[in-house]
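S.K.: Which chain is which? The protein sequence lines are A and B, in order.
Counting the first sequence from 1 gives a position; our numbering is that position plus 6.
Counting the second sequence from 1 gives a position; our numbering is that position plus 156.
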Amino acid sequence: MLVIPLLGIALGAGVGLLLPWEIPLAYKSYTALAILATVDAIFGGMRAQLEGIFIFSKFIISFFANALLAVGLAYFGYSIGIDIYMGAVVAFSIRIFNNLSLIREFLLGRCRQRRDEQ
Amino acid sequence: MSEHSWKIGVGLASMLLGMLLVFQFRTETNVKTYLPQFTTASELGIKWNRMQTDLNKKEQELKQLRQQLQEYNRDEELKSLRMAAGVTPLRGPGVEITLTDVQRPLKNYEDPNLFIVHYDQLGMLVNELWAAGAEAIAVNGVRLVAQTGFSCAGTTILVGTRKLAPPYIIRAIGDAATLKAALTIPGGFIDSQIRPFELGFKIEIKDSLYLPPYKGSSVFNYAEIVPEETEETTGAGGEEETETVEALENWEVANEGEVR
Numbered sequence: 007m008l009v010i011p012l013l014g015i016a017l018g019a020g021v022g023l024l025l026p027w028e029i030p031l032a033y034k035s036y037t038a039l040a041i042l043a044t045v046d047a048i049f050g051g052m053r054a055q056l057e058g059i060f061i062f063s064k065f066i067i068s069f070f071a072n073a074l075l076a077v078g079l080a081y082f083g084y085s086i087g088i089d090i091y092m093g094a095v096v097a098f099s100i101r102i103f104n105n106l107s108l109i110r111e112f113l114l115g116r117c118r119q120r121r122d123e124q
Numbered sequence: 157m158s159e160h161s162w163k164i165g166v167g168l169a170s171m172l173l174g175m176l177l178v179f180q181f182r183t184e185t186n187v188k189t190y191l192p193q194f195t196t197a198s199e200l201g202i203k204w205n206r207m208q209t210d211l212n213k214k215e216q217e218l219k220q221l222r223q224q225l226q227e228y229n230r231d232e233e234l235k236s237l238r239m240a241a242g243v244t245p246l247r248g249p250g251v252e253i254t255l256t257d258v259q260r261p262l263k264n265y266e267d268p269n270l271f272i273v274h275y276d277q278l279g280m281l282v283n284e285l286w287a288a289g290a291e292a293i294a295v296n297g298v299r300l301v302a303q304t305g306f307s308c309a310g311t312t313i314l315v316g317t318r319k320l321a322p323p324y325i326i327r328a329i330g331d332a333a334t335l336k337a338a339l340t341i342p343g344g345f346i347d348s349q350i351r352p353f354e355l356g357f358k359i360e361i362k363d364s365l366y367l368p369p370y371k372g373s374s375v376f377n378y379a380e381i382v383p384e385e386t387e388e389t390t391g392a393g394g395e396e397e398t399e400t401v402e403a404l405e406n407w408e409v410a411n412e413g414e415v416r
């Protein structure tokens with residue numbers, strides 16, 4: 007269950023090390039949002055899978071929709087000089103913790119179920 | 157397919173996350189190498205505070221040193237004034253002159269009055285030494301100061317109020333060669349005052365002479381200190397009045413002299 011994201015992160019880091027790119031400093035807030043969006047997607051995907059409602063197309067679409075909205079908010083906030091992207095950061099964080107707690111409940115419940123069966 | 161599709165989705169998202177982390181980390185390390193020290197305003201504030209206290213400390217130190225310098229200058233001035241006034245014993249290189257009356261027995265026709273040292277000769281000698289740049293002079297252990305004068309009292313010479321007896325030993329601190337040259341110059345003091353009267357005269361160059369301090373009192377009954385700023389105005393104002401008085405006094409003194 008946890009192997010897939012860890013493996014993915016390791017692979018991504020490896021690819022990232024091979025690529026010579028870096029993110030300009032001016033896009034710092036966008037990077038924060040992008041990282042939060044991916045983390046949110048990872049947890050959301052895991053939770054959906056655990057609940058048995060994972061649909062690949064929905065996963066991809068929601069990921070990009072969330073990311074686009076967050077980036078749009080950040081851009082808008084940047085152009086009027088207000089840190090609106092903080093709102094997206096907070097929303098993503100709340101979702102991540104929510105999903106994490108749900109995943110935890112599922113896993114604990116499954117463990118308990120197995121023990122009861124034995 | 158649906159069993160494993162989440163793996164692809166989550167795996168791709170994780171890979172993106174990993175790449176983003178690496179890129180961001182790279183940016184951050186680059187930024188830190190460009191700005192290695194003070195990244196936040198609070199750190200700058202702390203640094204500013206520290207420098208401010210340093211500055212205050214240094215300013216205080218400067219003030220103290222200035223004061224010390226002032227005190228030092230005053231001490232220096234006091235020292236040079238004390239040296240000039242003759243109230244401190246002095247030591248230094250210079251000449252020692254020994255002056256004696258004639259040594260040989262006089263012949264019947266010779267006037268003994270001519271073959272002894274007179275007070276005016278001592279005065280001339282001392283004057284010659286001052287003129288040659290002597291810094292301090294003592295005659296028979298009596299330090300000469302600004303008010304010291306030579307006078308004659310019967311058969312003895314007085315320097316100030318002290319009686320002198322031959323041999324007269326004059327010690328002068330100064331450039332020894334210059335002092336000696338000033339006295340021995342042809343037609344100078346020795347040629348005009350010593351040789352004609354066959355007086356005993358010895359001049360020695362000494363590396364280290366000790367001059368005792370002036371032991372008399374310096375009492376000022378008539379003179380008083382005038383502040384330096386007002387010196388000129390009072391001098392100019394009182395000039396005309398004093399001129400006539402001075403002339404009168406001079407006339408009286410001259411008359412008295414003639415009467416005697």
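Even for Gly, the Cβ is constructed at its ideal location relative to N, Cα and C.
Within its chain, find whatever has a CB closer than 8 Å to the CB of B/Val415; leave out the 5 residues flanking it on each side and keep chain order.
M.R.: Reading the second sequence from its first residue, position 259 is the one you call residue 415 of chain B. At B/Val415 the pLDDT is 46, less than 50, meaning the model places this residue with poor confidence and gives no usable figure here.
S.K.: What ranges does the alpha helix (DSSP H) occupy inside the region 196-268 of chain B, keeping only unbroken runs of at least 4 residues that lie completely in it?
M.R.: Every alpha helix (DSSP H) stretch that sits fully inside the region 196-268 of chain B and reaches 4 residues is listed by chain position as 197-241.
S.K.: Check whether the Cβ atoms of B/Ala290 and B/Gly242 sit closer than 8 Å, and answer yes or no.
M.R.: Against the second sequence, residue 290 of chain B aligns to sequence position 134. Against the second sequence, residue 242 of chain B aligns to sequence position 86. B/Ala290 is not a Cβ neighbour of B/Gly242, given a cutoff of 8 Å.
S.K.: Between the Cα of B/Ile350 and those of B/Val258, B/Ser170, B/Tyr265, B/Pro383, spot the shortest distance and give me the residue it belongs to.
M.R.: Locating residue 350 of chain B in the second sequence gives position 194, where the first residue counts as 1. Minimum Cα distance to B/Ile350 is reached at B/Val258.
S.K.: Which residues of chain A have a Cβ atom closer than 8 Å to the Cβ of B/Lys163, listed in chain order?
M.R.: To locate residue 163 of chain B, count along the second sequence from 1; it is residue 7. Counting only Cβ-Cβ distances below 8 Å, B/Lys163 has contacts in chain A at Ile10, in chain order.
S.K.: Suppose the cutoff is 7 Å on Cβ atoms and the five residues either side in sequence are ignored; what does the same chain contact list for B/Pro268 look like?
M.R.: As a working mapping, residue 268 of chain B is identified with position 112 in the second sequence. Correct list, in chain order: Leu262.
S.K.: Taking A/Leu12 as the reference, give the member of B/Met171, B/Ser161, B/His160, B/Trp162 with the closest Cα.
M.R.: Indexing the first sequence from 1 puts residue 12 of chain A at position 6. Answer by Cα proximity: B/Met171.
S.K.: Please report how far the alpha carbon of B/Ala338 lies from the alpha carbon of B/Glu284, in whole angstroms.
M.R.: Taking the second sequence and counting its residues from 1, the one referred to as residue 338 of chain B is at position 182. Taking the second sequence and counting its residues from 1, the one referred to as residue 284 of chain B is at position 128. Going from the Cα of B/Ala338 to the Cα of B/Glu284 covers about 7 Å.
S.K.: Using alpha carbons as the reference points, say which of B/Pro249, B/Thr312, B/Gly165 lies closest to B/Leu367.
M.R.: Against the second sequence, residue 367 of chain B aligns to sequence position 211. Answer by Cα proximity: B/Pro249.
S.K.: Measuring alpha carbon to alpha carbon, tell me which residue in A/Leu75, A/Ala80, A/Val96 is nearest A/Ala32.
M.R.: As a working mapping, residue 32 of chain A is identified with position 26 in the first sequence. Checking every option, the nearest Cα to that of A/Ala32 belongs to A/Ala80.
S.K.: Less than 8 Å between C-beta atoms, sequence neighbours within five positions excluded: which residues of the same chain meet that for A/Ala47?
M.R.: The sequence position of residue 47 of chain A within the first sequence is 41, counting from 1. If we look at A/Ala47 and ignore the five residues flanking it on each side, its Cβ neighbours are Phe65, Ser68, Phe69, Asn72.
S.K.: Quick test of the definition: if touching needs 3 or more C-beta pairs under 8 Å, does the region 26-43 of chain A touch the region 108-124 of chain A?
M.R.: no
S.K.: If contact means a Cβ-Cβ distance below 7 Å, which residues of the region 19-30 of chain A contact chain B?
M.R.: Across the region 19-30 of chain A, CB contacts with chain B closer than 7 Å involve Ala19, Val21, Gly22, Leu23, Trp27, Glu28, Ile29, in sequence order along the chain.
S.K.: Could you check the C-alpha separation between A/Ala43 and A/Tyr36 for me, to the nearest Å?
M.R.: Taking the first residue of the first sequence as position 1, residue 43 of chain A is located at position 37. Taking the first residue of the first sequence as position 1, residue 36 of chain A is located at position 30. Cα to Cα, A/Ala43 sits roughly 10 Å from A/Tyr36.
S.K.: Could you tell me which residues DSSP puts in a beta bridge with B/Thr312?
M.R.: Along the second sequence, read from residue 1 onward, the residue named residue 312 of chain B stands at position 156. In DSSP, B/Thr312 forms a bridge with B/Ala309.
S.K.: If B/Lys163 and A/Ile10 are in contact, beta carbons under 8 Å, what's the gap, nearest whole angstrom?
M.R.: The count along the second sequence starts at 1 and reaches residue 163 of chain B at position 7. The count along the first sequence starts at 1 and reaches residue 10 of chain A at position 4. Right, their Cβ atoms sit about 5 Å apart.
S.K.: Please classify A/Ile88 as buried or exposed, where buried requires at least 16 other C-beta atoms within 10 Å of its C-beta.
M.R.: Locating residue 88 of chain A in the first sequence gives position 82, counting from the first residue. With fewer than 16 other Cβ atoms within 10 Å, it is exposed.
S.K.: If you draw a straight line from the alpha carbon of B/Glu232 to that of B/Arg327, how long is it in whole angstroms?
M.R.: Here residue 232 of chain B refers to the residue found at position 76 of the second sequence. Here residue 327 of chain B refers to the residue found at position 171 of the second sequence. Each residue's Cα considered, the two are about 25 Å apart.
S.K.: Report back the beta-carbon spacing between B/Leu365 and B/Arg238 to the nearest angstrom; my notes put them in contact at under 8 Å.
M.R.: As a working note, residue 365 of chain B is residue 209 in the second sequence. As a working note, residue 238 of chain B is residue 82 in the second sequence. Their Cβ separation, rounded to whole angstroms, is 18 Å, which puts B/Leu365 and B/Arg238 out of contact at 8 Å.
S.K.: Decide if B/Ala287 is buried, meaning its Cβ has at least 16 other Cβ atoms within 10 Å, or exposed.
M.R.: Locating residue 287 of chain B in the second sequence gives position 131, counting from the first residue. Exposed: under 16 other Cβ atoms inside 10 Å.
S.K.: In whole angstroms, what separates the C-alpha of A/Leu39 from that of B/Gln220?
M.R.: Here the question's residue 39 of chain A lines up with position 33 in the first sequence. Here the question's residue 220 of chain B lines up with position 64 in the second sequence. If you take the alpha carbons of A/Leu39 and B/Gln220, they lie about 59 Å apart.
S.K.: With a 10 Å radius around its C-beta and 16 neighbouring C-beta atoms as the bar for buried, classify A/Phe98 as buried or exposed.
M.R.: As a working note, residue 98 of chain A is residue 92 in the first sequence. By the 10 Å Cβ count, A/Phe98 comes out buried.
S.K.: Between B/Thr189 and chain A, is the shortest Cβ-Cβ distance under 8 Å, so that the two count as touching?
M.R.: Position 33 of the second sequence, counted from the first residue, corresponds to residue 189 of chain B. Cβ-Cβ to chain A under 8 Å: no for B/Thr189.
S.K.: Which residues of chain A have a Cβ atom closer than 9 Å to the Cβ of B/Asn186, listed in chain order?
M.R.: In the second sequence, residue 186 of chain B corresponds to position 30, counting from 1. Proximity of chain A to B/Asn186 at the Cβ level (cut-off 9 Å) is accounted for by Glu28, Leu31, in chain order.
S.K.: Identify the contact partners of B/Met175 in chain A, using a Cβ-Cβ distance below 8 Å as the criterion.
M.R.: On the second sequence, position 19 is the one that residue 175 of chain B refers to. Per Cβ cutoff of 8 Å: Gly18, Ala19, Val21, Gly22, Leu25.
S.K.: So which residues on chain B does A/Met52 lean against when the C-beta distance must stay under 8 Å?
M.R.: In the first sequence, the residue the question calls residue 52 of chain A occupies position 46. Within chain B, the residues near A/Met52 are Trp162, Val166.
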